[in-house]
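Just below is one structure, and these are the notes that go with it.
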Amino acid sequence: MKKTKHWLVNTLIVILLLVGLTLVFNKPIRNMLMTFKINSYQVSNFSVEQLKNNKKAKGNFNFSQVRAVDFKSVLASQSVQNLPVIGGLAIPELSINLPVFLGVESNQLLFGAGTMKENQVMGQGNYALASHHVFGITGASDLLFSPLQNAKVGMKIYLTDKTNIYQYTIGKVYSVSPQDVAVIEDHLGQNEVTLVTCTDAQATARIIVNGSLSAQYPFDRASKTVLKAFNMKYNQL
Numbered sequence: 003m004k005k006t007k008h009w010l011v012n013t014l015i016v017i018l019l020l021v022g023l024t025l026v027f028n029k030p031i032r033n034m035l036m037t038f039k040i041n042s043y044q045v046s047n048f049s050v051e052q053l054k055n056n057k058k059a060k061g062n063f064n065f066s067q068v069r070a071v072d073f074k075s076v077l078a079s080q081s082v083q084n085l086p087v088i089g090g091l092a093i094p095e096l097s098i099n100l101p102v103f104l105g106v107e108s109n110q111l112l113f114g115a116g117t118m119k120e121n122q123v124m125g126q127g128n129y130a131l132a133s134h135h136v137f138g139i140t141g142a143s144d145l146l147f148s149p150l151q152n153a154k155v156g157m158k159i160y161l162t163d164k165t166n167i168y169q170y171t172i173g174k175v176y177s178v179s180p181q182d183v184a185v186i187e188d189h190l191g192q193n194e195v196t197l198v199t200c201t202d203a204q205a206t207a208r209i210i211v212n213g214s215l216s217a218q219y220p221f222d223r224a225s226k227t228v229l230k231a232f233n234m235k236y237n238q239l
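The opening residue of the sequence shown carries number 3 in my numbering; numbering runs sequentially from there.
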């Protein structure tokens, strides 16, 4: 009887220890899993033809269906393959280099930025992208759109489909309520980019980073600095 009781106590201690370790380390593990996928989907890993073919996929543009970032969703998404990468987004001053996916399906937004409207074209109209603000143990990590909280007017945003580079200059950084969807609408005669993410873990408001198209040039004529920005890898170790 005593041996059985002793075994049960030890087993309970081990279980509690494992649960405690999971609670402590689930966010670092989650971020490492996300980092692996983000790096694998970066635009540098895709050809021009692959990007063009992915544009033919059927995108999901229902933002209300997007799930929050958590350990369970990231773990489940590891088996998802062939997400439709159509380009890349880089903001060198914020150390952002993300794949651009067609649509805002939940699995896509765990590993990059998603187009918020159907038939968006880089360099034309208001090219709107959304992604998550990822929070770590003591605050936001550097993954996805978390660094947008440090965006400043004058910073450069680069988009590419590996045919052209589209350079935008940030002109406005502000916050709006989740219901204010007018920020992603096109404005007559203006070519812009609008980046959208949450301000906090409770998603009480949205950070909006808006830039105007300031240059466009062929991908093969890009400077080494810009090309380096699209080859930057994330490291959570």
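We put the CB at the ideal spot given by N, CA and C, even for glycine.
- Inter-segment contact for the segment 41-49 and the segment 93-106 is present: three or more beta-carbon pairs are separated by less than 8 Å.
- DSSP, reduced to helix, strand and coil, places S108 within a helical segment of the structure shown.
- When DSSP states are grouped into helix, strand and coil, D222 belongs to the helix group.
- For K154, the closest C-alpha among the options S81, Y170, K164 is that of Y170.
- Residue pairing by DSSP places N212 opposite K174, T196 in a beta bridge.
- When rounded, the separation of the alpha-carbon atoms in M118 and N64 is 8 Å.
- Each of N109, N84, K235 was checked against the Cα of V68, and the nearest Cα belongs to N109.
- Burial of L161 is indicated by the presence of at least 16 other C-beta atoms within 10 angstroms of its C-beta.
- Restricting attention to C200, M157, Q126, M36, the CA atom closest to the CA of L96 is found in M157.
- For K74, there is no enclosing beta strand (DSSP E); the residue is part of the alpha helix (DSSP H) that begins and ends at 73-79.
- Looking at T37, G125, K164, the one whose alpha-carbon comes closest to that of L112 is T37.
- With fewer than 16 neighbouring CB atoms inside 10 Å of its own CB, E187 falls in the exposed class.
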